[in-house]
Amino acid sequence: MTAKSEDTKRRLVQAAIDTISSEGIAKVSARSIAVRAGLAQGLVFYHFGTVTDLIGQACLEATRARIDRYAERFDAVDSLTELVDLADRLHREERAAGTVAVLGQILAAAQVDPALA
Numbered sequence: 001m002t003a004k005s006e007d008t009k010r011r012l013v014q015a016a017i018d019t020i021s022s023e024g025i026a027k028v029s030a031r032s033i034a035v036r037a038g039l040a041q042g043l044v045f046y047h048f049g050t051v052t053d054l055i056g057q058a059c060l061e062a063t064r065a066r067i068d069r070y071a072e073r074f075d076a077v078d079s080l081t082e083l084v085d086l087a088d089r090l091h092r093e094e095r096a097a098g099t100v101a102v103l104g105q106i107l108a109a110a111q112v113d114p115a116l117a
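Numbering (full-length UniProt numbering), first residue to last: 1 to 117.
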């Protein structure tokens, strides 16, 4: 895959997350994602096949990034108290970043769209 294609996919993934975060899952469409990414709507389908597949890929990539980002912090935990403290800090960080809201939107959508479950 070319660097341009990788950049396009990265922009679409980020735009999907940003759209869910700011507008909610009900407002997510190929058009809304493409507009936010500054790309042609057809690129959503070219690179991901469906909007649902793009959302799924966005969730996977966001989750992997968080696992990578937090692995060292979890490795440094030596007690239950430290684990609880870390979990509290991470939850506050994720709420501030809007990640908890995105997760809530995805969970709600999964109730009616088995492809997101």
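Here a beta-carbon is modelled for each residue, glycine too, at the ideal position from N, C-alpha and C. Everything numeric in this text was worked out from a predicted model, so none of it was measured.
Helix, strand or coil: which one does DSSP assign to residue i?
| i | result |
| --- | --- |
| V100 | helix |
| Q14 | helix |
| D78 | coil |
| Q111 | coil |
By Cβ distance below 6 Å, which residues in the same chain neighbour residue i in space, the five residues on each side in sequence not counted?
| i | result |
| --- | --- |
| A37 | R11, L12, A15 |
| E93 | none |
| V72 | With the sequence shown as reference, residue 72 is identified as Glu, and Val is not the correct amino acid for it. Closer than 6 Å at the Cβ level, and outside the excluded window around E72, lies no residue. |
Are there 16 or more other CB atoms within 10 angstroms of the CB of residue i, so buried, or fewer, so exposed?
| i | result |
| --- | --- |
| I55 | buried |
| F74 | exposed |
| I20 | buried |
| V28 | buried |
Taking just the CA atoms, how far does residue j sit from residue i?
| i | j | result |
| --- | --- | --- |
| E61 | I17 | 10 Å |
| A30 | E82 | 43 Å |
| A26 | V100 | 17 Å |
| G104 | G24 | 10 Å |
In its own chain, which residues sit with a C-beta less than 8 Å from the C-beta of residue i, not counting the 5 before and 5 after it?
| i | result |
| --- | --- |
| C59 | I106 |
Using a Cβ-Cβ cutoff of less than 7 Å, which residues in the same chain neighbour residue i once the five nearest sequence positions on both sides are dropped?
| i | result |
| --- | --- |
| L43 | T8, L12, A34 |
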